[in-house]
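For the sequence shown, numbering that gives the first Met the number 0 assigns the number 0 to the initial residue and increments by one for each residue that follows. Glycine is no exception: its CB is placed at the ideal position from the N, C-alpha and C atoms. All of these numbers come straight from a predicted model, not from anything done at the bench. Take a look at the structure set out below.
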Amino acid sequence: MNSGFSIKRISLESLNELQCISRITFEESFAAFNQAEDMQLYFENALSLDQLTREIQSEHSEFYFAYQEETLAGYLKINLHSDALHPNEKYGLEIERIYVKRSFQGKHIGQYILDKAINRAKELGFIQVWLGVWEQNHRAISFYRRNGFIPFGSQYFVLGTDRQTDILMRLKFSN
0 MNSGFSIKRI
10 SLESLNELQC
20 ISRITFEESF
30 AAFNQAEDMQ
40 LYFENALSLD
50 QLTREIQSEH
60 SEFYFAYQEE
70 TLAGYLKINL
80 HSDALHPNEK
90 YGLEIERIYV
100 KRSFQGKHIG
110 QYILDKAINR
120 AKELGFIQVW
130 LGVWEQNHRA
140 ISFYRRNGFI
150 PFGSQYFVLG
160 TDRQTDILMR
170 LKFSN
């Protein structure tokens, strides 16, 4: 099922490429469901070069590019110490972002990326992974459910000026 997939950890040298794929995949995923002004505010704040620099440089985050053959198809961001936001989840690695370019969706690269996050969590000794997914993103919710994730709560996510609800889902590892 690999189909020529590979994953590479990225660093600050890939900042511009990260910003580009972040914006492309976020727009492909959410532009049709949100106001253009809210999308632009999100790009200016959450996906600015300054913000992405801080995230890449954080010792608590890791970014990975996913390729099919030699073509950049998506990316992953995980957070290693996110328990300040969710104290009850202190033994879990947060999957903050899994994004795949539309032209690569349906080719199993999303599964490959998710497997990378789960394997990384196990390597680091975590007992579970968790994530937030927009309540209107039914395709992603189904994907995570198929992979054994179960809902355990919700949180707000602000896109520009629009307060939206994310469903929190987790996957606990058996011993």
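{"Item": "Could you pull out every residue in the same chain whose Cβ sits closer than 8 Å to the Cβ of Leu-11, ignoring the five residues on either side in sequence?", "Value": "Thr-52, Ile-55 and Gln-56"}
{"Item": "With a threshold of 7 Å on Cβ separation, who are the neighbours of Ile-108 within its own chain once the five nearest residues in sequence on each side are excluded?", "Value": "Phe-4, Ala-65, Gln-67, Ala-72, Gly-73 and Val-99"}
{"Item": "Taking Ser-13 as part of the alpha helix (DSSP H), name the residues at either end of that continuous run.", "Value": "Per DSSP, Ser-13 belongs to no alpha helix (DSSP H) and is neither H nor E."}
{"Item": "Helix, strand or coil for Asn-44? Go by DSSP, reduced to three states.", "Value": "helix"}
{"Item": "If you check the beta carbons only, do Gln-154 and Asp-161 fall under 8 Å apart?", "Value": "no"}
{"Item": "Tell me which residues share the same chain as Ala-83 and place their Cβ nearer than 6 Å to its Cβ, disregarding the 5 neighbours each side in the sequence.", "Value": "Residue placement at Ala-83 cannot be trusted, given a pLDDT of 42 that sits under 50; what the coordinates show is reported in the next sentence. Cβ within range, chain order: n/a, list empty."}
{"Item": "Give me the Cα-Cα distance between Glu-69 and Phe-148, rounded to the nearest whole angstrom.", "Value": "31 Å"}
{"Item": "Please name the residue, chosen from Lys-171, Ala-45, Met-38 and Glu-43, that lies closest to Lys-121 on a Cα-to-Cα basis.", "Value": "Lys-171"}
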